[in-house]
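To start, the structure itself, in structure tokens.
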Amino acid sequence: MSHSSGIAPSSGLVQAFTSSSSLNSPVRLIKAEIVDESIEAVEKYNKISDWKSDISMIAPLLADKEPSFFLLKTDEAAPATSEEGSQNPDQAGWVLFCYVPDHAHIRRKMLYASSRATLTKSLGQSQFIDEFYGSEKAEFTTDGYNAYLKSHAADKPLSYREEEMLKIRLDEATGDVSVSTRRAHVHGVDLPADAAALEALQGLAAGRLNYVQLTANMQTEKVELVHSATGFNLDNVQSVTEPNVPRFHLVREPSARGAEGDTLFVYCCPQGSPVRARMLHASCRAAAIGAAKDSGLALARVVEIGDIADLNSAFVQETLQPTVTGTEAANAAGIARLKFDRPQRPGARR
Numbered sequence: 097m098s099h100s101s102g103i104a105p106s107s108g109l110v111q112a113f114t115s116s117s118s119l120n121s122p123v124r125l126i127k128a129e130i131v132d133e134s135i136e137a138v139e140k141y142n143k144i145s146d147w148k149s150d151i152s153m154i155a156p157l158l159a160d161k162e163p164s165f166f167l168l169k170t171d172e173a174a175p176a177t178s179e180e181g182s183q184n185p186d187q188a189g190w191v192l193f194c195y196v197p198d199h200a201h202i203r204r205k206m207l208y209a210s211s212r213a214t215l216t217k218s219l220g221q222s223q224f225i226d227e228f229y230g231s232e233k234a235e236f237t238t239d240g241y242n243a244y245l246k247s248h249a250a251d252k253p254l255s256y257r258e259e260e261m262l263k264i265r266l267d268e269a270t271g272d273v274s275v276s277t278r279r280a281h282v283h284g285v286d287l288p289a290d291a292a293a294l295e296a297l298q299g300l301a302a303g304r305l306n307y308v309q310l311t312a313n314m315q316t317e318k319v320e321l322v323h324s325a326t327g328f329n330l331d332n333v334q335s336v337t338e339p340n341v342p343r344f345h346l347v348r349e350p351s352a353r354g355a356e357g358d359t360l361f362v363y364c365c366p367q368g369s370p371v372r373a374r375m376l377h378a379s380c381r382a383a384a385i386g387a388a389k390d391s392g393l394a395l396a397r398v399v400e401i402g403d404i405a406d407l408n409s410a411f412v413q414e415t416l417q418p419t420v421t422g423t424e425a426a427n428a429a430g431i432a433r434l435k436f437d438r439p440q441r442p443g444a445r446r
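Residues in the sequence shown are numbered consecutively from 97, following the numbering used here.
If you want it as structure tokens, here you go:
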């Protein structure tokens with residue numbers, strides 16, 4: 097399990113989900129909430145129209161300060177699994193909607209964020225065609241979901257000149273950023289962090305969390321929280337990271353030098369990510385670092401990687417290792433001197 101909450105769907109929720117999964121079932125929506133140490137089914141709602149139109153059923157069911165899960169059944173067959181190789185024509189695909197309002201208690205936010213993957217895995221990952229995470233009631237409507245789909249669609253093809261200009265701006269934006277950088281502006285892109293991201297960063301600074309993942313969202317013009325966890329095993333980071341998209345990762349590791357621990361800021365920019373997404377995240381890197389520092393975090397290192405597979409426990413420990421000893425430094429300097437000795441001029445005696 098990649099999450100540490102230990103909270104899983106109850107037998108009642110599993111039964112409600114299983115009995116509703118047929119395309120012929122009248123059930124459209126299942127509301128679920130975390131109660132004590134399990135995720136419980138709260139209510140089931142029948143179809144009114146097509147599945148995208150029925151997304152608007154969710155908004156009136158949302159509370160101002162209480163998170164909740166919604167399992168919405170589509171009118172499409174569940175995706176094919178690698179084992180079966182084909183779709184099951186009777187089983188519907190589902191979309192998980194996770195509502196976590198900005199004013200919810202920080203512990204409730206963390207519980208829902210850290211239980212989301214367990215929920216879909218326990219019910220059957222192959223049953224879900226999408227996951228949607230939001231904090232505003234207006235997002236949980238047909239228009240809100242369509243806006244989300246539009247923002248996550250693949251970039252339209254660029255002309256040769258557009259691609260060259262974007263690459264130039266990307267190269268300029270990806271210059272080195274010092275750990276001491278605060279609210280630096282890079283090409284005028286300085287998106288503020290939303291409330292959930294700030295609370296997660298503060299939790300990281302206070303030691304309540306050990307991992308936070310952030311993203312830059314141009315649609316909302318904010319740096320947003322993607323995932324946060326306590327006791328998170330970084331070897332499982334790929335399970336909570338969308339492939340081929342840039343992300344900011346903040347990892348807190350215990351330190352032998354003190355009880356506060358060290359925090360590593362990692363900007364992951366996969367080679368296959370869309371050029372616009374790379375440019376946006378590179379431009380917002382300084383703003384994300386500034387938000388971390390404003391939340392009380394002292395960043396030990398800021399690094400960049402090109403593949404999320406490189407981010408694991410061994411990488412973090414190696415990156416945060418204390419600097420080499422004086423003897424090691426002297427030896428390294430000696431090796432460097434031997435390696436870079438000026439070559440003798442032609443004809444000179446050795």
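Even for Gly, the Cβ is constructed at its ideal location relative to N, Cα and C.
Look up lysine 127 in the DSSP assignment and say whether it is helix, strand or coil.
Judged by DSSP in its simplified three-state form, lysine 127 adopts strand.
Between which two residues does the beta strand (DSSP E) containing arginine 397 stretch?
Unbroken beta strand (DSSP E) run through arginine 397: 395-401.
Where arginine 348 and alanine 213 are concerned, what is the direct C-alpha to C-alpha distance, given to the nearest angstrom?
Going by the C-alpha atoms only, they are around 21 Å apart.
Own chain partners of alanine 200 with C-beta closer than 6 Å, once the 5 adjacent residues on each side are dropped
Only Lys161, Pro163 meet the Cβ criterion.
Determine, using beta carbons only, whether tyrosine 363 and glutamate 400 come nearer to each other than 7 Å.
Contact flag set, yes.
Does the beta-carbon of isoleucine 130 have 16 or more other beta-carbons within 10 angstroms, so that it is buried, or is it exposed?
A buried status is given to isoleucine 130, since no fewer than 16 other beta-carbon atoms sit within 10 Å of its beta-carbon.
Start-end ranges of the beta strand (DSSP E) lying completely within the region 290-347, minimum 3 residues
The qualifying runs are 307-313, 318-325.
DSSP state of valine 110 mapped onto helix, strand, coil:
The three-state secondary structure of valine 110, taken from DSSP, is helix.
According to DSSP, is valine 138 helix, strand or coil?
Correct three-state label for valine 138: strand.
Grab the span of the beta strand (DSSP E) containing serine 164 for me, first residue to last.
For serine 164, the enclosing beta strand (DSSP E) has its first and last residue at 164-173.
Which same chain residues end up closer than 7 Å to alanine 112 when comparing Cβ atoms and leaving out the 5 residues on each side of it in sequence?
Apart from sequence neighbours up to five positions away, the residues of its chain that approach alanine 112 with a beta-carbon distance below 7 Å are Ile126, Ala137, Lys140, ordered along the chain.
Please state whether DSSP places glutamate 232 in a helix, a strand or coil.
Glutamate 232 falls in the coil class under three-state DSSP.
Other residues of its chain near leucine 158: CB distance less than 8 Å, five sequence neighbours each side excluded
Closer than 8 Å at the Cβ level, and outside the excluded window around leucine 158, lie Ser164, Tyr195, Pro197, Lys233, Phe236.
Out of curiosity, what's the CA-to-CA distance linking leucine 407 and arginine 204?
Cα to Cα, leucine 407 sits roughly 27 Å from arginine 204.
Taking leucine 69 as the reference, give the member of Met206, Glu133, Ala174, Glu338 with the closest Cα.
For the chain, the structure presents residues 97 to 446; residue 69 sits outside this window and is missing.
Alpha carbon to alpha carbon, what distance is there between glycine 108 and serine 218?
Computed Cα separation, rounded: 13 Å.
So, using beta-carbon positions, are alanine 293 and valine 319 closer together than 7 Å?
Taking 7 Å as the Cβ cut-off, alanine 293 and valine 319 qualify as a contacting pair.
Of the listed residues Asp132, Thr170, Ser134, nearest to lysine 148 (C-alpha basis):
Among Asp132, Thr170, Ser134, the Cα nearest to that of lysine 148 belongs to Thr170.
With distances taken Cα to Cα, identify the nearest neighbour of isoleucine 135 among Ser115, Glu172, Thr216.
Looking at the Cα atoms, Thr216 is the closest of the given residues.
Alpha-carbon to alpha-carbon, alanine 312 and cysteine 380:
Distance between the alpha carbons of cysteine 380 and alanine 312: 7 Å.
Give me the DSSP bridge partner(s) of glutamine 223.
None, per the DSSP bridge assignment.
Can you give me the C-alpha to C-alpha distance between proline 366 and proline 288, rounded to a whole angstrom?
It is roughly 23 Å from the alpha-carbon of proline 366 to the alpha-carbon of proline 288.
Threonine 114 versus methionine 206: straight-line alpha-carbon distance, rounded
Here the C-alpha atom of threonine 114 lies approximately 27 Å from the C-alpha atom of methionine 206.
Status (buried if at least 16 other CB within 10 Å, exposed otherwise) for glutamate 295:
Label assigned to glutamate 295: buried.
Could you pull out every residue in the same chain whose Cβ sits closer than 6 Å to the Cβ of tyrosine 241, ignoring the five residues on either side in sequence?
Cβ neighbours of tyrosine 241 beyond the five flanking positions: Ile151.
Expressed to the nearest angstrom, what Euclidean distance is found between the alpha-carbon atoms of proline 350 and alanine 325?
Each residue's Cα considered, the two are about 15 Å apart.
Any Cβ of chain D within less than 7 Å of the Cβ of glutamate 349?
The chain labelled as chain D is not found in the depicted structure, where only one protein chain is given.
Extent of the continuous beta strand (DSSP E) run through glycine 189
Per DSSP, the unbroken beta strand (DSSP E) holding glycine 189 starts and ends at 188-195.
Taking the alpha carbon of alanine 104 as the point to measure from, which residue in Arg372, Asp239, Ser210 has its own alpha carbon closest?
It is Ser210.
Would DSSP call cysteine 380 helix, strand or coil?
It is helical.
For leucine 360: DSSP bridge partner residues:
Val347, Arg397.
Does the distance from the C-beta atom of alanine 388 to that of leucine 297 stay below 7 Å?
The Cβ-Cβ distance between alanine 388 and leucine 297 falls below 7 Å.
What's the C-alpha gap between glutamate 172 and methionine 153?
Distance between the alpha carbons of glutamate 172 and methionine 153 is about 19 Å.
Taking only three categories from DSSP, how would you classify alanine 410?
Correct three-state label for alanine 410: helix.
Could you tell me the distance, in whole angstroms, from the CA atom of alanine 243 to the CA atom of glutamine 417?
C-alpha separation (whole angstroms): 44 Å.
What is the rounded straight-line gap between the Cα of proline 339 and the Cα of isoleucine 404?
Linking proline 339 to isoleucine 404 through their CA atoms gives a straight-line distance of about 8 Å.
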